[in-house]
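Heads up: the sequence shown begins at 532 in our numbering, then just goes up one per residue.
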Amino acid sequence: MEIRHSVHPSDAKHYDTAQLRNHFLIEKLFEADKVHMVYTHEDRMIIGGAQPAKEALSIEEPDTLKTEFFLERREIGFVNIASGEAIITVDGEKHELGKLDTLYVGKGVREVKLESKDAANPAKLYFCSALAHAAYPTRKLAIADADTRYLGSQLTSNERELNRVLHADGINTCQLMLGITVLKPGSVWNTMPSHVHDRRMEAYLYFDLNDDARVFHMMGEPEETRHLVVANEQAIISPPWSIHSGVGTSNYAFIWSMAGENYTFDDMDTRQASDLK
């Protein structure tokens, strides 16, 4: 498990490109028959990716977490971003996930095994884990059953479908919130006007990009913005003081997840484009 420490905004505005990428960009999450995880001190979220193919994979990290098992004091949400189906076994109970389906697993579960239904067409499981003080039951939500909002327009190049999954009116959790946003063809902007939420951090996974396409992810304080160039299946750690929006060279999808204090989707402080510098 890689460890990333928190960054003060006064320091971040002096970083060069390499330093910004080292602190906030996760470049590699998916590799055949391996689990990759990053532990960020921003609200102590764990961001990870697993690509089971020939063998089942486990979510374990006792040396870093100093607990008997991974979910002893945590909860976790999995999203399958590949066309290949996933099988997740939670304390002996199997759950199948198609593309963009989500599985939530609550605090106290001892064993989680990740598999692909077809090794020739493996699943790719993106996951985020947050601290939890209460236990909630394991639940699956198919993307077709998500709470969907249709936002933006072609005129502003940001027509998109926002699917809320882990939230107060969907799958209940202790504090983890998660959803999936899919941009329509011809749209490239996400989350405009931008915002910050000083009570929560956020993580983004960008995916469904062609190999030669990129997203220019905007970050930083509203009066001190920076950007990161992001390729397919790379993730961003967004601290509470930072805006988080982006523009792509084509349309794309992204998974957003949040952890922190308030458990409400609308806890945010909007920053208009005219406020950004």
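Cβ coordinates follow ideal geometry from the N, Cα and C atoms, glycine included.
> Hey, which unbroken runs of the alpha helix (DSSP H) at 4 residues or more fall wholly within the stretch 576–622?
Replying inline: 593–596
>> Could you check whether Val-643 and Ile-619 sit closer than 8 Å to each other, using their CB atoms as the reference points?
In response: Along the sequence shown, read from residue 1 onward, the residue named residue 619 stands at position 88. Along the sequence shown, read from residue 1 onward, the residue named residue 643 stands at position 112. Yes. Within cutoff.
>> Could you tell me the alpha carbon to alpha carbon distance between Leu-634 and Pro-724, rounded to whole angstroms?
In response: Mapped onto the sequence shown, residue 634 falls at position 103. Mapped onto the sequence shown, residue 724 falls at position 193. Rounded to the nearest angstrom, the two C-alpha atoms are 30 Å apart.
> Per the contact definition of three or more C-beta pairs closer than 8 Å, is the stretch 658–666 in contact with the stretch 596–616?
Replying inline: yes
> So what does Lys-644 bridge to, in DSSP terms?
Replying inline: In the sequence shown, counting from the first residue as 1, residue 644 sits at position 113. Ser-589, Thr-620.
> According to DSSP, is Leu-807 helix, strand or coil?
Replying inline: The sequence position of residue 807 within the sequence shown is 276, counting from 1. Three-state DSSP puts Leu-807 in coil, outside helix and strand.
> Which of helix, strand or coil does DSSP assign to Arg-730?
Replying inline: Here residue 730 refers to the residue found at position 199 of the sequence shown. In this structure, Arg-730 counts as coil in the three-state DSSP scheme.
> In the DSSP assignment, what are the bridge partners of Gly-751?
Replying inline: For the purposes of this step, residue 751 is taken as residue 220 along the sequence shown, with counting starting at 1. Thr-756.
>> What would DSSP say about Leu-686, mapped onto helix, strand or coil?
In response: On the sequence shown, position 155 is the one that residue 686 refers to. Leu-686 falls in the helix class under three-state DSSP.
>> If the criterion is Cβ atoms closer than 8 Å, does the pair Phe-658 and Thr-712 meet it?
In response: Locating residue 658 in the sequence shown gives position 127, where the first residue counts as 1. Locating residue 712 in the sequence shown gives position 181, where the first residue counts as 1. Taking C-beta atoms as the reference points, Phe-658 and Thr-712 fail to come closer than 8 Å.
> Going by alpha carbons, who is nearest to His-751 out of Asp-729, Asp-622, Glu-646, Thr-679?
Replying inline: Counting from 1 along the sequence shown, the entry for residue 751 is found at position 220. A small fix is needed here, since residue 751 is Gly in this sequence, not His. Nearest option by C-alpha distance: Asp-729.
>> What does the Cβ neighbour count give for Ser-526, buried or exposed, with the cut at 16 atoms within 10 Å?
In response: As shown, the chain starts at 532 and ends at 808. That puts residue 526 outside it, with no answer to give.
> Excluding the five sequence neighbours on either side, which residues of its own chain have a C-beta within less than 6 Å of the C-beta of Val-566, listed in chain order?
Replying inline: On the sequence shown, residue 566 is found 35 positions in, with the first residue counted as 1. Non-local beta-carbon contacts of Val-566 in its own chain, meaning distances under 6 Å to residues more than five positions away in sequence, involve Ala-581, Leu-588 in chain order.
>> Can you tell me whether Phe-555 is helix, strand or coil according to DSSP?
In response: Against the sequence shown, residue 555 aligns to sequence position 24. Helix at Phe-555.
>> In the DSSP output, which residue or residues are listed as bridge partners for Phe-738?
In response: Position 207 of the sequence shown, counted from the start, is the residue given in the question as residue 738. Bridge partners of Phe-738: Ala-784.
>> For Ser-541, report the span of its alpha helix (DSSP H) as first-last.
In response: Locating residue 541 in the sequence shown gives position 10, where the first residue counts as 1. Its alpha helix (DSSP H) spans residues 540–543.
>> Measuring straight from C-alpha to C-alpha, what distance separates His-626 and Glu-646?
In response: Sequence index remark: in the sequence shown, residue 626 carries index 95 (1-based). Sequence index remark: in the sequence shown, residue 646 carries index 115 (1-based). For His-626 and Glu-646, the distance between alpha carbons rounds to 10 Å.
> Do the stretch 784–804 and the stretch 588–599 make contact, defined as three or more Cβ pairs closer than 8 Å?
Replying inline: no
>> Give me the DSSP bridge partner(s) of Trp-720.
In response: Sequence index remark: in the sequence shown, residue 720 carries index 189 (1-based). Beta-bridge pairing links Trp-720 to Val-778.
> If we count the other Cβ atoms within 10 Å of its Cβ and call it buried at 16 or more, is Ala-677 buried or exposed?
Replying inline: Mapped onto the sequence shown, residue 677 falls at position 146. Label assigned to Ala-677: buried.
> Taking Cβ to Cβ, would you say Gln-765 is nearer than 8 Å to Glu-562?
Replying inline: In the sequence shown, the residue the question calls residue 765 occupies position 234. In the sequence shown, the residue the question calls residue 562 occupies position 31. It is not a contact, given that the beta carbons lie outside the stated cut-off.
> Measuring CA to CA, which of Asp-743, Leu-596, Asn-611, Pro-653 is closest to Thr-780?
Replying inline: Residue 780 sits at position 249 when you count from the first residue of the sequence shown. Looking from the CA of Thr-780, the closest CA among Asp-743, Leu-596, Asn-611, Pro-653 belongs to Asp-743.
> Roughly how many angstroms separate the alpha carbons of Glu-533 and Leu-596, rounded to a whole number?
Replying inline: Taking the sequence shown and counting its residues from 1, one reaches residue 533 at position 2. Taking the sequence shown and counting its residues from 1, one reaches residue 596 at position 65. So the alpha carbons of these two residues sit roughly 12 Å apart.
> Can you tell me whether DSSP reads Gln-706 as helix, strand or coil?
Replying inline: Stepping through the sequence shown from its first residue, residue 706 is reached at position 175. In this structure, Gln-706 counts as coil in the three-state DSSP scheme.
>> Once DSSP output is grouped into helix, strand and coil, what is the label at Ala-790?
In response: Indexing the sequence shown from 1 puts residue 790 at position 259. If DSSP states are grouped into helix, strand and coil, Ala-790 belongs with the strands.
>> Judging by CA-CA distance, which residue of Phe-600, Asp-649, His-572, Leu-631 is the nearest neighbour of Ile-674?
In response: Numbered from its first residue, the sequence shown carries residue 674 at position 143. For Ile-674, the closest alpha carbon among the candidates Phe-600, Asp-649, His-572, Leu-631 is that of Leu-631.
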